[in-house]
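Below is one structure; the comments refer to it alone.
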Amino acid sequence: MKKTLNVNAGTALLLGDRLDAFSGYESVHINAGNALASRKAYEKLMGMGASLNSGNMTVLDIEGKPAELPENTVITASSAYDGCYLVCDGNLVIEDAKGLGGVTGLYAETLFHPDTVDLSHVKGITAPARVVYPDGAKLRFGKMTLGGDAHILFEENTLYWVHGKLTALDEEAVRKLHDRKIKFHCRSLIVYNGLYERYRELFEADSYQLIPDGHAVVEDISLDAATAPLYGGKLFVLGDMMIPHDQAAHLSGFSSLIVNGTVTMPVTAAAAFRAVGKANEYDLYEGVLMAVNGRQTLGREQLQSALDRGISYTLKVNGMLEILGDVTAEDIGAIAAVYCNGMIKAPGAARGALDSKIREMNGNICGYEEAAPNAFNADGDDETEQINIGTFRL
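Going letter by letter, the sequence shown gives residues 775 to 1168 in the working numbering.
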């Protein structure tokens, strides 16, 4: 019996010497968005015939003992890592280079340090991104919103270096920060146009999202009867907007609707939307949108009901859709269009009609007779183990 191990991870950290854990498998497949491996571990995996697939692969020449550091670790003068190779799969802050005395090298996804910190004497630094900020600035990670009594959380006459998105829509809060001489640098700034004009000296950003005055601001949103009463007639959507087929009439509640991302709506709503709004991108669908995430079945009863009501479905498949064996070519008339990222299983009687509905296909469509009982383990005598995890460490 052949034993196979499939590992699917967001991040794979292959830094240790415990690769003997794979010795019981004839086949090892590691799939990861990002992978970090020591040269020793990588060569041993390749020698075993393992497959390692990653969107971003880094092989490190590690000397000494690997020491994995949590994201946002801060190295100070009192840090002690003598004889260690430091690995941080995230943000690593160096406040004082003395804390790196005796390290054999380091890896950080993003390395931060004040402009007064000299790292030229530290050997073996590997960092895909490096951020140097002014000495004396306060470093902050992630999203930050300035509102209410936010001013009391910051020190007077101080620059805050925000590695993330800063939202400044509350004028009273911004005025109090201005009075205390507090300034901000950020990766992206979301601010009302007029507010920025009045207090631009407070802000410096890599990118700006200026919101027209008078608009309420939301992230992603789905339109319904409560949207306009809750947010008013002017709305700015930072992300995406969904307009269900039976909610398009509520567009009449807006005088201005701006979508910074994608608006997904039925074709029949396009004219009403353009009368009051605009978007960076449009995703139009016919009839009723049916999104499949994971696995779902679709049978004759549901399709015939749609035909009786005079509606049709646009199918967006991200996973697997199984069209049941009782579905006929006539029933497929209830499907207007199909966009597939995955797999569709359909009976032979419906295949021809369904093929004509395909608009995009990233995957495959097969009949019942073509689908193996287990697409990943066609040989019933083999044994496959699968690990799905955010971070895989070995």
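Glycine is no exception: its CB is placed at the ideal position from the N, C-alpha and C atoms.
Item checked: Cβ-based burial, N830 [other Cβ within 10 Å; buried from 16] -> N830 comes out exposed.
Next item on the list: Work out the CA separation of S981 and A1002 for me, nearest whole Å.
Entry: Near 29 Å, if we compare the C-alpha coordinates of S981 and A1002.
Next item on the list: Compute the Euclidean distance between the alpha carbons of L866 and N1034, then round it to the nearest angstrom.
Entry: Computed Cα separation, rounded: 32 Å.
Margin query: Can you tell me whether T890 is helix, strand or coil according to DSSP?
Written below: Secondary structure of T890 (DSSP, three-state): coil.
Next item on the list: Buried or exposed for I1017, please, with buried defined as at least 16 other CB atoms from any protein chain shown within 10 angstroms of its CB.
Entry: Result: buried.
Notebook entry, point to check: Can you name, in chain order, every residue of its own chain whose Cβ lies under 6 Å from the Cβ of A811, other than the five neighbours on each side?
Noted result: Excluding positions up to five away in sequence, the list reads L788 and V833.
Checklist line | 3-residue-minimum beta strand (DSSP E) runs that sit fully inside the stretch 798-832, ordered along the chain | finding: Qualifying beta strand (DSSP E) stretches, in chain order: 801-812.
Notebook entry, point to check: Quick one: what does DSSP say A1145 is sitting in, helix, strand or coil?
Noted result: Interpretation of A1145 is limited by its pLDDT of 47, a score under 50 that renders its predicted location unreliable; the figure taken from the coordinates is listed afterwards. Looking at A1145 - three-state DSSP - the assignment turns out to be coil, as it is neither helix nor strand.
Notebook entry, point to check: Going by Cα to Cα distance, which pick from G790, V802, S797 and D794 is closest to L779?
Noted result: Selected option, being the one with the closest Cα: V802.
Notebook entry, point to check: Which residues mark the beginning and the end of the alpha helix (DSSP H) in which Q1078 is found?
Noted result: Run containing Q1078: R1074 to R1083, per the alpha helix (DSSP H) assignment.
Next item on the list: Figure out for me which residue from S894, L1168, A1111 and A979 has the closest Cα to the Cα of T957.
Entry: Looking at the sequence shown, residue 957 is not Thr but Lys. Closest option to K957, Cα to Cα, is A979.
Notebook entry, point to check: Out of P986, K818 and S996, which has the shortest C-alpha to C-alpha gap to Y970?
Noted result: The shortest C-alpha separation from Y970 is found at P986.
Note to self: Rounded to whole angstroms, what is the Cα-Cα separation between K897 and G879?
What the structure shows: One C-alpha to the other measures close to 6 Å.
Notebook entry, point to check: Which parts of the stretch 925-960 are runs of the alpha helix (DSSP H), unbroken and 4 residues or longer, counting only runs that do not cross its ends?
Noted result: With a minimum length of 4 residues, the continuous alpha helix (DSSP H) runs that stay inside the stretch 925-960 are 945-953.
Notebook entry, point to check: How about the stretch 888-897 and the stretch 853-863: do they share at least three Cβ pairs that are nearer than 8 Å?
Noted result: Because the criterion of three Cβ pairs below 8 Å is not met, the stretch 888-897 and the stretch 853-863 do not touch.
Item checked: Exposure of T1165, with buried meaning 16 or more beta-carbon neighbours within 10 Å -> The C-beta of T1165 has fewer than 16 other C-beta atoms within 10 Å across all chains shown, which makes the residue exposed.
Check: In the structure shown, what three-state DSSP assignment does A996 receive?
Finding: Ala is not the amino acid found at residue 996; the sequence shown has Ser there. Look at S996 here: in three-state DSSP terms it is strand.
Notebook entry, point to check: With distances taken between CB atoms, is the gap from T1080 to I1097 smaller than 7 Å?
Noted result: One point to set straight first is that residue 1080 is Ala, not Thr, in the sequence displayed. Contact: no.
Item checked: Inter-residue Cα distance where the pair is V948 and V992 -> Cα-Cα distance, rounded: 19 Å.
Next item on the list: With L976 as the anchor, note down where its beta strand (DSSP E) starts and where it stops.
Entry: From DSSP, L976 is part of no beta strand (DSSP E); its letter is neither H nor E.
Check: Would you report the Cα separation of G1006 and L1031, rounded to the nearest angstrom?
Finding: The alpha-carbon atoms of G1006 and L1031 are separated by roughly 10 Å.
Checklist line | Nonlocal neighbours in the same chain, by C-beta distance under 6 Å from A1145, ignoring five residues either side | finding: Only weak support is given to the placement of A1145: the predicted model assigns it a pLDDT of 47, under 50, and the value that follows is read from those uncertain coordinates. Counting only residues of its own chain and dropping the five nearest sequence neighbours on each side, A1145 has a CB closer than 6 Å to the CB of K1119.
Next item on the list: Leaving aside the five residues before and after G1093 along the sequence, list all residues of the same chain whose C-beta is less than 7 Å from its C-beta, in chain order.
Entry: Only residues of its own chain outside the window of five on either side were considered, and among them V1066, N1067, G1068, R1069 and G1116 have a CB closer than 7 Å to the CB of G1093, listed in chain order.
Check: Looking only at its own chain, which residues have a Cβ that is under 7 Å from the Cβ of T1172, when we skip the five neighbours before and after it?
Finding: A query on residue 1172 cannot be resolved here, the shown segment of the chain reaching from 775 to 1168 and no further.
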